[in-house]
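The next block holds one structure in the form of structure tokens; read it before the comments.
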């Protein structure tokens with residue numbers, strides 16, 4: 046389960062709850078195992094120890110994350126996240142004779 050708080054088309058908060066039902070998790074692992082057998086490289090191997098731990102009992106878990114840069118963007122009426130990011134990605138300076146496409 047998950048939900049998102051969206052303001053003006055910007056996702057501000059993403060919240061979720063974790064799967065804590067061992068039966069459903071075992072079914073999901075079985076589906077992943079089938080996918081592995083069919084050659085799906087992104088499928089994961091079943092974790093029987095994890096399912097066993099869930100059977101002993103696992104408390105409900107949930108969480109949320111808020112993008113502070115998105116809140117600042119709305120508060121300062123910016124149209125681009127790059128305008129509020131404190132440490133944007135650094136670009137190397139273009140040397141004399143290099144074109145925009147040169148990566149060397």
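Residue numbers (my numbering): 46 to 149. Virtual Cβ for every residue (Gly too), placed ideally from N, Cα, C.
Are the Cβ atoms of residue 130 and residue 141 separated by less than 8 Å?
Result no, Cβ atoms of residue 130 and residue 141 do not sit closer than 8 Å.
So who's on the other strand from residue 102, going by DSSP bridges?
In DSSP, residue 102 forms no bridge with anything.
If you count every other CB in all the chains shown that lies within 10 Å of the CB of residue 118, and 16 or more means buried, which is it?
Buried.
In whole angstroms, give me the CA-to-CA distance for residue 116 and residue 59.
Between residue 116 and residue 59, the C-alpha separation is close to 13 Å.
Give every residue of the same chain whose Cβ lies closer than 7 Å to the Cβ of residue 48, excluding the five residues on either side of it in the sequence, and list them in chain order.
Answer for residue 48: 60, listed in chain order.
Mapping the DSSP letters down to three states, classify residue 149 as helix, strand or coil.
Residue placement at residue 149 is flagged as unreliable, the pLDDT there being 46, under the threshold of 50; a coordinate-derived value is accordingly withheld.
Since residue 48 sits in a beta bridge, which residues does DSSP pair it with?
The partner list for residue 48 (beta bridge, DSSP) reads 60.
Under 7 Å Cβ to Cβ from residue 52, same chain only, skipping five residues before and after it: list those, please.
Excluding positions up to five away in sequence, the list reads 119.
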